[in-house]
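Reviewing the structure listed below.
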Ligand SMILES: [Zn+2]
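In this note's numbering, the protein residues as written are 56 to 240.
Written as structure tokens, this is what we have:
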């Protein structure tokens, strides 16, 4: 059986197992641990207990649950490259609010974001070069972190489908120091 604890297993090349195999073995252990945690396994309610939806960049260094002290069942965490307010994020937030009762939105961007170092045209050109096709969708690259947060907050506040919103606040997480700074609007 593959050892799943050693970090080397996740980065070594030439393995017969994919990393997915290793991670799904961990998932089997997760279910076992839950069963042994006592009594009948029971799902938490689907409604987030905090009433909060977090929209964050997908950056692997941004551990949203650890950062905000959230546990299972506490909040919706929506992520994409850049933590950008796209139509699909509006769709998810609308479901979050109107079907599952959230009212507050926390927007999380971070320092050293990959979306700052690319441009829409540059990334589209790269895809054309690598895949033979140029996407027609917007990449949503940005060059000013704070400005991007402010623009995103404004989009969320003015969106007609997010009428249940009682609070939208935006923050920048510093991946070096672990500190969170609020962006004033
Ligand atoms: Zn990012």
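Glycine included, every Cβ here is placed at the ideal spot set by N, Cα and C. Source: prediction; values computed, not measured.
Exercise for the section: Verify the CB distance criterion: does residue 115 have a CB-CB separation below 8 Å to chain B? Expected result: The structure shown contains no chain B; it is built from a single protein chain.
Handout entry: Contact check, residue 115 vs residue 166, beta carbons under 8 Å
Key = With contacts defined as CB atoms closer than 8 Å, residue 115 and residue 166 fail to qualify as a contacting pair.
Handout entry: Spatial neighbours of residue 179 in its chain, beta-carbon cut-off 7 Å, leaving aside the 5 residues before and after
Key = Within the same chain, Cβ atoms closer than 7 Å to the Cβ of residue 179 are found at 189, 190, 194, the five residues on either side in sequence being excluded.
Exercise for the section: Along the beta strand (DSSP E) that carries residue 237, what are the first and last residues, could you check? Expected result: For residue 237, the enclosing beta strand (DSSP E) stretches over residues 235-238.
Practice task
Evaluate residue 226 with the Cβ neighbour count: other Cβ atoms within 10 Å of its Cβ, from every protein chain shown; 16 or more gives buried, anything less gives exposed.
Solution key: That one is buried.
Handout entry: residue 133 burial status per 10 Å Cβ neighbour count (16 or more: buried)
Key = That one is buried.
Exercise for the section: State buried or exposed for residue 113, treating a residue as buried only when at least 16 other CB atoms are found within 10 Å of its CB. Expected result: Per the 10 Å Cβ criterion, exposed.
Handout entry: Nonlocal neighbours in the same chain, by C-beta distance under 8 Å from residue 57, ignoring five residues either side
Key = Since pLDDT at residue 57 reaches only 41, below the 50 mark, its modelled position is unreliable, and the value read off the structure follows with that caveat. So the qualifying residues of the chain are 64, 72, 76, 77, 80.
Practice task
Under 7 Å Cβ to Cβ from residue 151, same chain only, skipping five residues before and after it: list those, please.
Solution key: Around residue 151: 108, 131, 157.
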